[in-house]
Amino acid sequence: MAGIENISNNGLGNQSIGDPMEVFKSFTAEDIEKIKVLAGLFGIGSTNSAQGQIVQQHIKEQVTVEQAFNEYNKLIEFNLSKKSVDTAKTAERRFLTFIPGNRSLNTIERKDAENLMMKISKSAPLGCYNYLKIFRTMFNVFVDWNYISSNPFLKVKLPKRQKEDPVSFTNEQLNVVYEGLIAKGKDVIADMVLFAVETGMRLDEENNLRWSDIDFRNKVITIGNKLFKTKSKKIRRIPMNDKMEEILKRNSARQLNKGKILREFVFVQSNGKQYKKDTVSRSLKKVIKENGLPDELHWHCLRATAATRWASKKVPIFTVSKLLGHSTVNVTTRFYANVDLDELRDAVNSM
Numbered sequence: 001m002a003g004i005e006n007i008s009n010n011g012l013g014n015q016s017i018g019d020p021m022e023v024f025k026s027f028t029a030e031d032i033e034k035i036k037v038l039a040g041l042f043g044i045g046s047t048n049s050a051q052g053q054i055v056q057q058h059i060k061e062q063v064t065v066e067q068a069f070n071e072y073n074k075l076i077e078f079n080l081s082k083k084s085v086d087t088a089k090t091a092e093r094r095f096l097t098f099i100p101g102n103r104s105l106n107t108i109e110r111k112d113a114e115n116l117m118m119k120i121s122k123s124a125p126l127g128c129y130n131y132l133k134i135f136r137t138m139f140n141v142f143v144d145w146n147y148i149s150s151n152p153f154l155k156v157k158l159p160k161r162q163k164e165d166p167v168s169f170t171n172e173q174l175n176v177v178y179e180g181l182i183a184k185g186k187d188v189i190a191d192m193v194l195f196a197v198e199t200g201m202r203l204d205e206e207n208n209l210r211w212s213d214i215d216f217r218n219k220v221i222t223i224g225n226k227l228f229k230t231k232s233k234k235i236r237r238i239p240m241n242d243k244m245e246e247i248l249k250r251n252s253a254r255q256l257n258k259g260k261i262l263r264e265f266v267f268v269q270s271n272g273k274q275y276k277k278d279t280v281s282r283s284l285k286k287v288i289k290e291n292g293l294p295d296e297l298h299w300h301c302l303r304a305t306a307a308t309r310w311a312s313k314k315v316p317i318f319t320v321s322k323l324l325g326h327s328t329v330n331v332t333t334r335f336y337a338n339v340d341l342d343e344l345r346d347a348v349n350s351m
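Structure, rendered in C-alpha cells:
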C-alpha cells in the first residue's frame with residue numbers, strides 16, 4: 001500500500017508486515033496515541049482515504065467513557081479553576097452512576113443522553129441544568145478530538161426553570177449572624193461576612209485575598225493575581241470604603257498581635273494558616289440554623305446582598321457588574337428586580 005511503500009522509501013525498513021489495517025486493529029486502547037502517530041507517518045491519517053477512515057474509526061471504537069473523562073480532566077485541570085474542575089468531576093460521577101465507564105464513548109447516542117438527564121433530574125432537580133451544560137461542553141471537546149462524530153447532548157432539552165429573585169440577607173439577619181459568629185469565637189469569619197457584603201466578593205476571592213492585594217495608600221483592593229485566578233479570569237479592582245478599611249486594619253492588628261508578622265493572606269485561622277472554604281461556609285450555615293434563619297440563606301447570598309444594596313441605591317447596572325466581576329451585564333440584571341418593581345409601582349400610582 002502507498003503508505004507502507006512511503007515508509008520503506010524513507011528508509012524505515014523493507015520488512016513485510018502484512019496488511020497495515022490489521023496491524024492498526026491489533027492495537028489496544030492504550031495504544032490510541034500510537035495509532036495517531038502511525039497514521040500520520042503512514043500518510044493515511046486523513047479521513048479522505050479508506051485507510052484513514054478505518055484508522056479513525058478504530059480510534060473511536062477503542063476510547064471508553066472512562067478514558068475520555070480522564071483525558072478531559074487533564075485538560076481542565078490545566079485550564080480551569082479547582083472549583084470548576086471539582087464540579088466537572090462531580091458531573092462525571094453522576095454520569096458513571098447510570099452509564100458504565102467501560103462503555104465505548106462513540107456508542108453514546110442522543111437517546112442515552114436524554115435518559116441520563118431524566119434520571120439525574122430526579123435526584124438533582126436544580127443541579128441537572130448545570131450538569132447538562134458540563135456534558136455539552138465536555139462532549140464538544142470529544143468531537144474536536146475525533147473521539148466521536150457528533151455531540152449526543154447538543155439537542156437535549158430540560159424543562160425551562162422559573163427565574164427566582166436572588167436571596168439576600170436583611171440587616172437584622174446579618175446582625176444575628178455576625179453576633180452568633182463572634183459568640184463562637186469566630187471573629188475572623190464574622191469579619192469575612194461583613195467584608196463580603198461590603199465588597200461583593202466571592203468566598204473563593206476573599207479566602208485568597210493577600211495583603212499584597214491591598215493598597216491602603218490609594219484605597220484600592222485588587223482581586224486576582226498570578227497566584228489566584230478569578231472566575232472570569234480577569235483581574236478587577238474595588239475602591240476601598242471606610243468599612244472595608246476598618247475590617248482590613250482590624251485583621252492586620254489581629255495578626256500582628258498574635259504572630260508579630262502579617263501572614264500571606266488577609267483572613268487566616270488562629271494558627272496563621274489559610275481557611276478551607278468549606279470550614280468558612282459551614283460555620284455560617286451552622287449559625288443560620290441555630291438562630292432559626294431561613295434555610296435558603298448561605299454564603300453566596302452575602303454577595304447577592306451587596307448587589308441588591310447597590311441596585312436599591314440606583315448604582316448603574318454597568319458599575320455593579322464591574323464590581324461583581326460578572327462576565328456580562330445580563331447576569332447582573334436579576335438584582336434589579338425590586339428596583340424595577342418600585343418603578344412599576346410609581347407608574348401605576350401615577351395613573
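Counting in the working numbering, the sequence shown runs from 1 upward without gaps. We put the beta carbon where it would ideally sit given N, CA and C, even for glycine.
Would DSSP call residue i helix, strand or coil?
i, result
"Val156", "coil"
"Phe42", "For Phe42, the pLDDT reaches just 47, beneath the cut-off of 50, and the residue's location in the model is therefore unreliable, leaving the point undetermined."
"Gln274", "strand"
"Ser123", "helix"
"Asn14", "Low confidence applies to Asn14: its pLDDT is 44, below 50, so where it sits in the model is not reliable enough to give any reading."
"Arg110", "helix"
"Asp204", "helix"
"Thr64", "strand"
"Ile214", "strand"
"Ser281", "helix"
"Glu92", "helix"
"Val268", "strand"
"Ser104", "strand"
"Arg250", "helix"
"Asn79", "helix"
"Glu164", "coil"
"Lys233", "coil"
"Leu116", "helix"
"Phe139", "helix"
"Lys289", "helix"
"Asp86", "helix"
"Gly129", "The amino acid occupying residue 129 in the given sequence is Tyr; Gly does not appear at that position. Tyr129 falls in the helix class under three-state DSSP."
"Thr97", "helix"
"Leu256", "helix"
What do you get for residue i, buried or exposed, if any count of 16 or more other CB atoms within 10 angstroms of its CB means buried?
i, result
"Glu253", "In the sequence on display, residue 253 carries Ala and not Glu. Ala253 is exposed by the Cβ-count criterion."
"Thr305", "buried"
"Asn10", "Because the pLDDT of Asn10 is 44, which lies under 50, any placement of that residue in the model is unreliable, and the number read from its coordinates should be weighed accordingly. Under this definition Asn10 is an exposed residue."
"Ile44", "Confidence at Ile44 is low in this model, with a pLDDT of 45, below 50, so the placement of that residue should be treated as unreliable; the coordinate-derived value is given next. Buried is the call here."
"Phe267", "buried"
"Asn102", "exposed"
"Thr332", "buried"
"Glu172", "exposed"
"Thr319", "exposed"
"Gln162", "exposed"
"Arg217", "exposed"
"Arg263", "buried"
"Phe98", "exposed"
"Ile223", "buried"
Go to residue i, then tell me how far its beta strand (DSSP E) extends in each direction, as first and last residue.
i, result
"Val220", "Val220 to Ile223"
"Ile238", "Arg236 to Pro239"
Does the separation of the CB atoms of residue i and residue j fall below 8 Å?
i, j, result
"Thr180", "Val287", "Correcting the residue identity first, residue 180 is Gly in this sequence and not Thr. Yes."
"Ile108", "Pro166", "no"
"Val280", "Leu203", "yes"
"Ile235", "Phe195", "no"
"Asp191", "Arg282", "no"
"Ala307", "Leu284", "no"
"Phe142", "Ala88", "no"
"Ile76", "Arg94", "no"
"Leu293", "Val176", "yes"
"Glu198", "Asn257", "no"
"Phe265", "Arg210", "yes"
"Met117", "Val156", "yes"
Whose CA, out of the options, lies closest to the CA of residue i?
i, options, result
"Pro316", "Thr305, Glu114, Leu132 and Phe335", "Phe335"
"Lys133", "Phe169, Ala91 and Thr170", "Ala91"
"Leu126", "Pro159, Pro239 and Thr97", "Pro159"
"Asn377", "Lys258, Phe228 and Ile238", "Absent from the model: residue 377. The displayed extent of the chain is 1 to 351, so no value can be given."
"His326", "Arg303, Arg309 and Lys313", "Arg303"
"Asn106", "Val220, Gly185 and Trp145", "Trp145"
"Met138", "Asp295, Lys74, Lys122 and Val193", "Lys74"
"Glu290", "Lys226, Leu116 and Ala183", "Ala183"
"Asn225", "Arg110, Lys233 and Phe135", "Lys233"
"Gly185", "Asn218, Ser150, Gln62 and Gln269", "Gln269"
"Asn208", "Leu116, Tyr275, Gln162 and Asp187", "Tyr275"
"Lys111", "Leu154, Lys122, Asn271 and Lys83", "Leu154"
"Trp299", "Asn115, Val85, Glu205 and Glu114", "Glu205"
"Glu245", "Asp295, Lys219, Lys314 and Asn349", "Lys219"
Taking the continuous alpha helix (DSSP H) assigned at residue i, which residues delimit it?
i, result
"Tyr336", "Premise fails: Tyr336 is in no alpha helix (DSSP H) and is neither H nor E."
"His300", "His300 to Ser312"
"Tyr178", "Asn171 to Ala183"
"Glu198", "Asp187 to Thr199"
"Val320", "Ile317 to Leu324"
Using a Cβ cut-off of 8 Å (strictly closer), state whether residue i contacts chain D.
i, result
"Arg334", "Judged by its chain identifiers, the structure shown contains no chain D, having just a single protein chain."
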